[in-house]
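Q: Residue numbers (the working numbering), protein chains in the order written: chain A, 51 to 338; chain B, 246 to 491; chain C, 66 to 406; chain D, 4 to 261; chain E, 792 to 1192.
From the three backbone atoms N, C-alpha and C, an ideal C-beta is built for every residue, glycine too.
Since we're looking at a predicted model, the values are computed, not measured.
After the C-alpha cells below, expect a handful of questions from me.
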Amino acid sequence: MGWLNAVIQGLLLGGLYALFATGLSLMFGVMRIVNLAHGDLAVVASFLALALVSGTGLPLWIVLVVTVPLFAVLGYLTQRVLLQRSLSSGPLATLLVTFGLSIVLQNVLLEVFSADTRTLDGGSFGTGSFELNGSISIGYLSLATFLLACAALAGIQLFLSRTGLGRMLRASSDDRETANLVGADSRHVYGIATAIAFATVALAGLMFAMRSSFDPATGPSRLIFAFEAVVIGGLGSLWGTLLGGMVLGVTQSLGAQIDPALTLLAGHLVFLAVLAFRPQGLIAGRTA
Amino acid sequence: MTLLSISDLTVHHGQLRAVDGLNLDLEKGEVLAIIGANGAGKSTLLRALAGLNPPTSGSIRLCGRDITRLPAYKRVSEGIALVPEGRRLFHSLTVEENLLTGAYRRRPGPWTVTRVYELFPWMSDRRRQNASQLSGGEQQSVAIGRALLANPDLLLIDELSLGLAPVIVRRIYEVLPGIVGAGTTALIVEQDVSQAMRVADRVHCLLEGRSVLEGRPRDLTAEQVEHAYFGIGQALPAGSAREGHD
Amino acid sequence: MTISQMVTSRAAAALDVSRAARSSKLSAVVMLAAVAVLAALPFAVFSNVTDTLVNLFVLIALASMWNLLAGFGGLVSVGQQAYIGIGAYSVIAFADQGVQPYLAVPLAAVTCVIFAVPTSWLAFRLRGDYFAVGTWVIAEVYRLLVVRIDSVGGGSGKGLAGMSGLDQTLRGALTYWVALALALATIAACYLLLRGRLGLSLMAVRDEETAASSVGIDVRRAKRVVYLVSAAGCGAAGGMITVSSLSVNPDAIFSVQWSAYMIFIVVIGGIGYIEGPLLGAVIFFGLQQLLADYGSWYLVLLGAVGIATALWLPRGLWGLMRDRTGLSLFPVGYFVRGRGA
Amino acid sequence: MTEQALLHLDEITKRFGRVTVAKDLTLSVRPGEALGIVGPNGAGKSSLFAMISGDLRPDSGAVWFQGREVTEVPPHTRTRAGIGRTYQVPRPFEHLTVFENVLVCAHQGAALKGRQAWTHAMEVLERTGLAELANTPAGRLALLQRKRLEVARALGTGPRLLLLDEVAGGLTEPEVLELVEVVKQLHAEGLGIVWIEHVVHALVEAVGRMVCLAGGDVIADGEPMRVLADPKVRELYLGGGPETGLADEEGLTDGEDS
Amino acid sequence: GGLKGTGGSSSDVLKIGYVSPQTGPLAGFATADNFVVKQIQEAMRSGFTAGGKKRTIEIIIKDTQSNPNRATEVTRQLINSDKVDLIVGSSTPDTTNPVADQCEANGIPNVTTIAPWEAWFHGRNGKPGEGFKYTTLFFFGMKEFADCFFPMWERMDVSNKNVAALWPNDTDANAFRQGLGPMMEKAGYSPIDGGAYQNGATDFSAQIAKFKESGAELFTCTPIPPDFQTFWKQAQQQGFKPKLATVAKVMLFPSEAEALGALTDNIATDFWWSPAHPYKSILDGKSAQQLADDFAAETGKQWTQALGSVYSLFEIAIQAFKEAGDPKDRDEVAARLRGMKLSCMSGDLDFTAGPEPGIAIQHPVGGQWRKGEKFPWDVVIVDNTPNKAVPVGGDLRPTNG
Ligand SMILES: Nc1ncnc2c1ncn2[C@@H]1O[C@H](COP(=O)(O)OP(=O)(O)OP(=O)(O)O)[C@@H](O)[C@H]1O
Ligand SMILES: Nc1ncnc2c1ncn2[C@@H]1O[C@H](COP(=O)(O)OP(=O)(O)OP(=O)(O)O)[C@@H](O)[C@H]1O
Ligand SMILES: [Mg+2]
Ligand SMILES: [Mg+2]
C-alpha cells in the first residue's frame, strides 16, 4: 500500500513539476533560451499574489485570475526589452541576461519583502483532501495542479504543432532572419511565446506557493527540477515535459520511500541515466 | 506596368559599398536575370529588396508604393518572396511544415502545397521528414516551394540552380514561364550565364555593386557580356590574380 | 608524391608567420614586474590586503578554467562546482590523513582529474545545452553523495585539520603565495595549452565539430584534455578555498553560484581571450569590494551590470579593448606577414 | 582487388528509414584515378562520402582504404591515413583565420610541425587562391571563398584520396575552368580524386571515369561521355528528351553523337 | 623587513564585530539586530573604564546572507580590515561555526549563541575536556531540549509512545538524531525517524506515510523554516495530525507563525527567552519585559527570542573587556570569556560549568502559539518544568484539538 501511495503522490508531485516546467520547456526546449530566472519569476508571482491578497483583501481566486495575465504582459515586455537583444549575441549572452535577471529579482524581493518565509493561504482548498482508501488521500490542490499541468501542456503542444503561429515560433528559433523572410515578425512571435511561458510560470508559482512556502531565495533550487523534467521528456516536446515531470516526481517519491536521503539523488540519477542512454529524451522532440 | 522600381540604391556592409547607386525597373510578368562575378553584390541586392539589408540611400518602390523602409516581414504581405542564398530551411521543422511557413501570410494565389508537390513529386512522400536530413538539392527545392507558397508578385531567387541536378534545373526552368504567367514576376540570380540568357526576358550585369550592362539577351553579344562581367577594358583575368579583389 | 612534399623553397623563404601581436614584448616585461610586486606584497602590506587578494586569485583561477572549457573548448558547463567541491573535500581528507594542507592543494587537483575521467565519459555523451544542464546535475549528484559520507562531516561540513601548528602571520602569507601561484599556473596552463597545436584544434572543434574530425582532429581527445585540465584547475581552486577558509560546507562549496560567478566574470571580461577572465575577475572583485556594504542592493547592481554587458558588449571588455588597440597580452593566433598582400 | 585499390567499397548498404542511400553498393578507386560522381538529388552521393570519411557508418558492408579495412575507424584516423574531404555546405572554423583553418589540417591531418606546417598551409592557400585572405577570419568569407577553403582544408591534410563534394556549384565559368585546372594538376601529381558535381561539363574535363548513382545503386560506370549518353542516366539525371536545353551539355552530347 | 601580518589598532576604542544572517533564509533570526545594537550603543554612550583607561566601543555589523562561506569571508574582513578586538555572532551553526573557526585560527576572542552546543562543539572537532582557546558559546543542547519537550509529552494523553521525528541531513538535525534520539529511547519513547532528507525538499509524502503508519501522536522536528511550512501543510492534507507537535529551530518567530496561518495554532516549541522571563540587563538594569516593549514601540514589530540572546552577546563582550587587565590583549580577553560567570538578559550564565569548557547552558521552557490580541500570534508559556523561575501563562493544549 505504501508503494502505491508513493506512486500516486509522486504522480501528483510530477504534475506540479510539469506545470512548473511548462514555461521552461517552451523557452528552453523550443526557443532555446536558457532562462535561469525561471524559478525566480515563479517566486515573483507568488509575492505579487501575496501582496495583492494582503493589500486589497480580494479573494485568492480573483488574485489568481489577475496575476496570470499580468505576467503574460510582463513576459511580452521582457522579451522585447531584454531577451530579444541578447538573442543575437549567442546563447551565452542569454544565459548571462537571465542569470543577471535572476539575481536582480531575488535581491529586489529581499529588499522589498525581507527574507521571511511566506505562504499563500489556500484555505480549505489548500489543505483539504479526499480519501481514496484508508491510507491514500489525495489533496484537492495537488489534483488541481495536476489537471492544470495536463491542460497547459496539451494546449501549448497543440498550439505549437497545429497553428501557423506555433509553427512560426519553432521556425523563428531555427532561424530568425528567414522567419522574417516568410512574413513573420519574429520579435512579436517570440514575445507571444514568452508571454505564454510567463503565464504558466505565474500559474506554477502560485500553485507552489499554496502547496509549500516561498522566500526570495527559493527560485534557483526549484529551477533544476524544471530543467530535469524538460530534458528527461525531450527538448522541444511538451508531451515529453509532462512525462518528464511525472517520471521525476515518481522517482523522487519512490526514492524517498526507500530512504528520504535518496529523494533528490534518485531523481538526479534517473535524469543522468536518461541522458546517458537516451540523450534525446523519452519523447524525442527536436534534433539536438 | 512597372512592378518594381529601384532608384539610386546603395547598400553597405560596414565600410564596404556592396550595392552602389543602382537603378532598375521591372515590368509585371517579366523574368529578369542578374548576373555578375562573385562578390558583385547580387545577393546583397536581393536581400535589400526583401528587406534584410537596410539600404543606406535610394528608394525601392513596389507598384508605386515606397517600401524602402518597410521591415522584411511586412514585405511578404506586399508580395515579395526570396529564396535565399544557402537555402536557409528551418531544420527542426518537417518538409511540409517548412512549406507551410511560406503560406504564413495567407496571400491568395495559385500556389498550394498540393501544387508544389506536383512540381516536386518526391516531396509528398517525404513530407514528414526533418528538413535538416534532406540532401543539398532537396533542400533547394523545398526552399523554392516555400517561396512559391507565399504567392508572391515578385519572386526573388538567389542562385537558382546551385546544387540541383540538371533534370531538376530543367524542370524549374520549364515551369518558370508558368509561374510568371500566373502573375508573378521573377528576379533571379544565376551564375550560369548561358542559362540566364536563355530563360530571362532581360539580363542585368553587376560589377562591384554597379550596373554595367543591361538588355535583352538577344541584343547582347557574348563579348559584351564577358567584358561587363569582369570590367570593361580590363584584360581577361588570369587565374588567382583576381581572387583577392573579390 | 603528396602535397606536403611539394613545398617549394621559394614559398618557405617568403613566408613569415608570427605568433605575437603588437606590444607583446613590452607587455611581457610589465607582466613580469607585476608578478614580482605581487609576490613581494606580504612584506609590504598588512594581511587585510593580501587576504582579500586570495579571493581574487581564486576567482581568476576559476574563471580562467571556465574560459578554457567554454571559450576555447566550446564546452559550456554549469557544473564546474563539482570539481571545486571535490577539490575542497580532498584537501580536508588529505589533511585528516596528516598531509600538510598546502601540499594537499596540488593533490586535490590530481584527485579531481581522477574523478573527471569517468565523469567525462557521461558528460561527453551530451552536447550544447544538454551538456550544460547535465553537468549541473552531475555536480548535484556529487554533492548528494558527499553529504552521505560521515567521515567528512556529512551535511554539516568539516573543519580543516593540520593548520593549528602554523604561526598566524606565516599562514596568511603562505596562503597568499599559494593562491598567487595557483592563479599564475592556471593562466600559464591556458596559454601554453592554447599556443600549442592542441590549442588550434580546440578552437576548430569549438567552431565546427564534424568538420574538425574530418580534418584529422581527435575531437574526443581534445575535449577530454581541456575538461581534465579544467577539472584540475577548479579542484586546486576548491582546495585553495578550503585552505583559506579553514572549513568546508557542502551546500556552499557545491553551489551553482560558483558557475554563475565564472560565467559572469568570463562574459564580462571577454570570452575566448586568455586576458578576458583576468580582466573580468578584477572587475567583478572590484565591484564586490566597492559595493559589499550596500547589502542586497550590491547584488542588484551586479546583476544589472551583467545584463548590460551581455546586451551591449557581447565580446566583453577585452574584446572591446582589442578592437580599439589590437593589444594582446597572450597571443595564441597566427599572423601571416611579408606576403605583400 | 582490394589489394591494389586505393579505395574499395564492398557491398555497402545504408538506409534512413524508408530512404535507401546505398544498396549493396560496390565501388573501387585505383591509386591516382580521378572519378566523377553524378546522380539525381538525394541519390546518396554525399552520404557515400560520409561513409568513406567515417562521418556515417554503413548498415552493412565494408570500406577499404589502401588495403586496410577502415569501416570501424573514426573519421580523424581516416583523415590521418590519407582521406581528405570537403563538405557540400561549407563548414569553416569561423573564428579562426583562413591560414589557421588550413594550418590545423596540416598539424592534425598531415602531422606536420612548426615551419613545415606553415609553409605547407601557405602553399595550399596559394594553390586555392586564398593566399591574400590568409589573415581573414573564415566567418567573414563569402560563399565562394568558403568553398575554396573547403578544398584548401582537404588539401591541407595531405591526402592520398581527395573527396570533393560540389565544389564548382555557383562558380562563374572562368572560375570553373580554373578549378578544373587545379584538380587536373592534383591528379597529375598522383592524387586519387573522387568528385561529386552537378556542373557536368567541369567534371567531364577533369575526370577519367564517371559513375552515376541513383536510388543507392550504380546505374552507370565508365568513360564520362559514355555514361552521360546512357539512356538511364539521361532519363534520371540529365532530363529526358532529345533536346537537352543546356548549352554545355548540348556541345557535349553533340560530341558524343557524332 | 619580515612579513607584515594583520597589524593591530591601539586606540581607546574597543571594536566589536557582529556577524549574523541578516538576509537569506535565516534572516528571521536577525530581525532584532539593529535595535539591539542601538540599545547597546545607547547604554554605552558615556563609555566605561577598562584596563585603567576610559574606553568607548564601536560595533561593526556584518551580514552572512545565510551563507557559511560568506560568514567566513566577513569574519576575515572583520579581523583583517576592521581589526576588531572581539567578535560576537549568532544564529544557527551555519553562522556560529565558520565564525568561531576563523576566530580560533586568528586568535580573536569570540562568543556566539543560538546553536545547539553539540553542533558547535563536535562540528568543529572540539577536544572533549579541553575545548577551544578563543571561542565560547552560550545556548543549550540535547539534554535541555529533552528536559523541555519530555514533560509536555508526558502531559498528553496518547495511546502509544511513538514520536514522529523529522530531521534533515544538516548540522543541527544530525545533532538531534545522534543526541535526542537515544535520550528519547532512554525515556521510553520510540523515535520514528523520517530519514535524513536534504534541505529544500518539496515533497514529504514518504515521511508522512511512515508517520501515519506508525500511529505516532507526538511529533518533533528540526528542519529549516521553509521546509517546515511545506511539511506541515502536506501533513494536514495527507491526514497526519499529531496530538502534540513540539518543534525545534522553527516557529521561533512571529513571522513564521504568521506565514503558516491557521495551522500555527498550538504548535509548541522551546523558549529560552521571552518577556515573561525574570531577567535583567547587566548594563542598565532594564528588564526583559521592558526590552520587548521598547522593541515593539520602536519597530512596531513583535518581540523575538533572538532579542534577548543578541543583547546578551554584547553584555558578555563588554563584561569581558571590563574584567580584563588589558582589553586589547586578546589572549587575556579570551581567558576572561572562558571563565565568565554573569547574570544578564539571558539569565545566569556560567561558562565554566558547561558540558565542555567555554560553554554556558540555558534552560528553555515550553511555550505554545495561540491567537493573540495585539499581534496575530502570541506565545503562551505552558510548561516551566526546566526553569521554575519562568511563570506559566496558560494550559498545555493539543496541537490538533
Ligand atoms: N555580412 C557581410 N558582411 C560584410 N561583407 C559582406 C557581407 N555579406 C557580403 N559581404 C560583401 O559584400 C560584397 C557583395 O556580396 P554579395 O554576397 O552580395 O555578392 P554576390 O554577388 O552575391 O556574390 P556570390 O556570387 O559570391 O554570391 C562582397 O564583397 C562580400 O564580401
Ligand atoms: N540523417 C538522415 N536521416 C534521414 N535521411 C537522410 C539523412 N541524411 C540523408 N538522408 C537522405 O538520404 C538521401 C541521400 O542524401 P545525400 O545527401 O547523400 O544526397 P546527394 O546524392 O548528395 O544529393 P544532392 O545532389 O542533392 O546533394 C536524401 O534523400 C536525404 O534526404
Ligand atoms: Mg550571392
Ligand atoms: Mg549532396
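Run through the segment 191-251 of chain D for me and flag every whole beta strand (DSSP E) of 3 or more residues, listed as ranges in chain order.
A: As far as the segment 191-251 of chain D is concerned, its whole beta strand (DSSP E) runs of at least 3 residues are 195-199, 212-217, 220-225.
Q: Can you pull the chain A residues whose beta carbon is under 7 Å from the beta carbon of T346(B), in chain order?
A: The sequence position of residue 346(B) within the second sequence is 101, counting from 1. Simply R217, M218, A221, V232.
Q: Any heavy atom of ligand 4 within a distance shorter than 7 Å of the CB on I56(D)?
A: Here the question's residue 56(D) lines up with position 53 in the fourth sequence. According to the sequence displayed, residue 56(D) carries Ser and not Ile. No, ligand 4 has no heavy atom inside 7 Å of this Cβ.
Q: CA-CA distance, G1157(E) and S309(C)?
A: By one-based count along the fifth sequence, residue 1157(E) stands at place 366. By one-based count along the third sequence, residue 309(C) stands at place 244. Approximately 42 Å, taken between the alpha carbons.
Q: What residue range is occupied by the uninterrupted alpha helix (DSSP H) comprising K1001(E)?
A: Residue mapping note: residue 1001(E) aligns to position 210 of the fifth sequence, counting from 1. Per DSSP, K1001(E) belongs to the alpha helix (DSSP H) from 996-1005.
Q: Near ligand 2, which residues have their beta-carbon less than 5 Å from any of its heavy atoms, given in chain order?
A: Spelled out in chain order, the answer is Q378(B), L379(B), S380(B), G381(B), G382(B), F19(D), V22(D), V24(D), N44(D), G45(D), A46(D), G47(D), K48(D), S49(D), S50(D).
Q: Any Cβ of chain E within less than 8 Å of the Cβ of T307(C)?
A: As a position in the third sequence, residue 307(C) is number 242, starting the count at 1. T307(C) does not count as touching chain E.
Q: List, in order along the chain, the chain D residues whose C-beta lies closer than 7 Å to that of T275(C)?
A: Indexing the third sequence from 1 puts residue 275(C) at position 210. Result: D58, R94.
Q: Using a Cβ cut-off of 8 Å (strictly closer), state whether I336(C) contacts chain D.
A: Locating residue 336(C) in the third sequence gives position 271, where the first residue counts as 1. No, I336(C) does not count as interfacial toward chain D.
Q: In chain order, what residues of the same chain have a beta carbon less than 7 Å from the beta carbon of L263(C), not counting five sequence neighbours either side?
A: Walking along the third sequence from the start, residue 263(C) turns up at place 198. So the list reads A287, V290, once near-sequence residues are dropped.
Q: Is G176(A) closer than 8 Å to K1032(E) when the C-beta atoms are compared?
A: Counting from one through the fifth sequence, the residue named residue 1032(E) turns up at place 241. Counting from one through the first sequence, the residue named residue 176(A) turns up at place 126. Taking 8 Å as the Cβ cut-off, K1032(E) and G176(A) do not qualify as a contacting pair.
Q: Confirm the yes/no value for this check: CB of T289(B), any heavy atom of ligand 1, distance under 7 Å.
A: As a working mapping, residue 289(B) is identified with position 44 in the second sequence. Answer for T289(B): yes, Cβ within range of ligand 1.
Q: Kindly identify the DSSP beta-bridge partner or partners of A956(E).
A: Position 165 of the fifth sequence, counted from the first residue, corresponds to residue 956(E). Paired residue(s): D984(E), T1011(E).
Q: List the endpoints of the continuous alpha helix (DSSP H) containing W111(A).
A: The count along the first sequence starts at 1 and reaches residue 111(A) at position 61. Element bounds for W111(A): 110-128.
Q: Whose CA, out of R455(B), E459(B), Q436(B), lies closest to the CA of D446(B)?
A: Taking the second sequence and counting its residues from 1, one reaches residue 446(B) at position 201. Taking only the C-alpha atoms, the option nearest D446(B) is E459(B).
Q: If you pair each beta-carbon of the segment 192-210 of chain D with each one of the segment 396-413 of chain B, do three or more pairs fall below 8 Å?
A: Yes, they touch.
Q: Are A1026(E) and A1059(E) touching if we call contact CB-CB under 8 Å?
A: Within the fifth sequence, the letter at position 235 stands for residue 1026(E). Within the fifth sequence, the letter at position 268 stands for residue 1059(E). It is not a contact, given that the beta carbons lie outside the stated cut-off.
Q: Taking the beta carbon of L197(A) as the centre, do at least 16 other beta carbons fall within 10 Å, making it buried, or is it exposed?
A: Position 147 of the first sequence, counted from the start, is the residue given in the question as residue 197(A). It counts as exposed.
Q: Give the DSSP bridge partners of S63(D), in chain order.
A: As a working note, residue 63(D) is residue 60 in the fourth sequence. DSSP lists T16(D) as partners of S63(D).
Q: I need the boundaries of the alpha helix (DSSP H) containing V340(B), first residue and last residue.
A: Counting from one through the second sequence, the residue named residue 340(B) turns up at place 95. Run containing V340(B): 340-347, per the alpha helix (DSSP H) assignment.
Q: What in chain E is Cβ-close to N55(A), meaning under 8 Å?
A: The count along the first sequence starts at 1 and reaches residue 55(A) at position 5. Correct list: S996, A1000.
Q: Does N916(E) get closer than 8 Å to chain A when you measure Cβ to Cβ?
A: Here residue 916(E) refers to the residue found at position 125 when the fifth sequence is read from its first residue. No, because no Cβ of chain A sits closer than 8 Å to the Cβ of N916(E).
Q: Could you compute how far the alpha carbon of V879(E) sits from the alpha carbon of N901(E)?
A: As a first step, residue 879(E) is located in the fifth sequence; it is residue number 88 there, counting from the start. As a first step, residue 901(E) is located in the fifth sequence; it is residue number 110 there, counting from the start. About 6 Å.
Q: Three-state secondary structure (DSSP) at P379(C)?
A: Working through the third sequence from its first residue, we reach residue 379(C) at position 314. Reduced to three states, the DSSP call for P379(C) is coil.
Q: Can you name, in chain order, every residue of its own chain whose Cβ lies under 6 Å from the Cβ of I196(D), other than the five neighbours on each side?
A: For this step, residue 196(D) is matched to residue 193 along the fourth sequence. A37, L165, H190, listed in sequence order.
Q: Indicate the three-state DSSP secondary structure (helix, strand or coil) for E1147(E) in the structure shown.
A: Taking the fifth sequence and counting its residues from 1, one reaches residue 1147(E) at position 356. If DSSP states are grouped into helix, strand and coil, E1147(E) belongs with coil.
Q: Would you say the beta carbon of L174(D) is closer than 7 Å to some non-hydrogen atom of ligand 3?
A: The residue you call residue 174(D) lines up with position 171 of the fourth sequence. False, no ligand heavy atom lies under 7 Å from that Cβ.
Q: Does chain D have any CB closer than 8 Å to the CB of G478(B)?
A: Counting from one through the second sequence, the residue named residue 478(B) turns up at place 233. With a pLDDT of 46 at G478(B), under the threshold of 50, the predicted position of this residue should be treated as unreliable, though the coordinate-derived value follows. Not one chain D Cβ lies under 8 Å of G478(B).
Q: Using a C-beta cutoff of 8 Å, does E140(D) count as contacting chain B?
A: If you number the fourth sequence from 1, residue 140(D) lands on position 137. At residue 140(D) the sequence reads Pro, which differs from the Glu that was named. Chain B, which has no Cβ nearer than 8 Å to the Cβ of P140(D), makes this no.
Q: How about S1197(E) and T855(E): do their beta carbons lie closer than 8 Å?
A: Any question about residue 1197(E) goes unanswered here, given that chain E covers just 792 to 1192.
Q: If we call anything under 8 Å between Cβ atoms a contact, is G324(B) one with V425(B)?
A: Residue numbering aside, residue 324(B) sits at position 79 when the second sequence is read from its first letter. Residue numbering aside, residue 425(B) sits at position 180 when the second sequence is read from its first letter. Taking 8 Å as the Cβ cut-off, G324(B) and V425(B) do not qualify as a contacting pair.
Q: In whole angstroms, what separates the C-alpha of R84(C) from that of E161(A)?
A: Along the third sequence, one-based indexing puts residue 84(C) at 19. Along the first sequence, one-based indexing puts residue 161(A) at 111. Using only the alpha carbons, I get a separation of about 51 Å.
Q: Measuring only between beta-carbons, confirm whether L174(D) sits less than 8 Å from chain B.
A: Translated into the one-based positions of the fourth sequence, residue 174(D) becomes position 171. True, the Cβ-Cβ gap to chain B drops below 8 Å.
Q: Return the bridge partner residues of N183(A) from the DSSP annotation.
A: Along the first sequence, read from residue 1 onward, the residue named residue 183(A) stands at position 133. DSSP lists I186(A) as partners of N183(A).
Q: Can you give me the C-alpha to C-alpha distance between E849(E) and L805(E), rounded to a whole angstrom?
A: Residue 849(E) sits at position 58 when you count from the first residue of the fifth sequence. Residue 805(E) sits at position 14 when you count from the first residue of the fifth sequence. Taking the straight line joining both Cα atoms gives about 6 Å.
Q: How should W53(A) be labelled, buried or exposed, when 16 other C-beta atoms within 10 angstroms of its C-beta is the threshold for buried?
A: If you number the first sequence from 1, residue 53(A) lands on position 3. Result: exposed.
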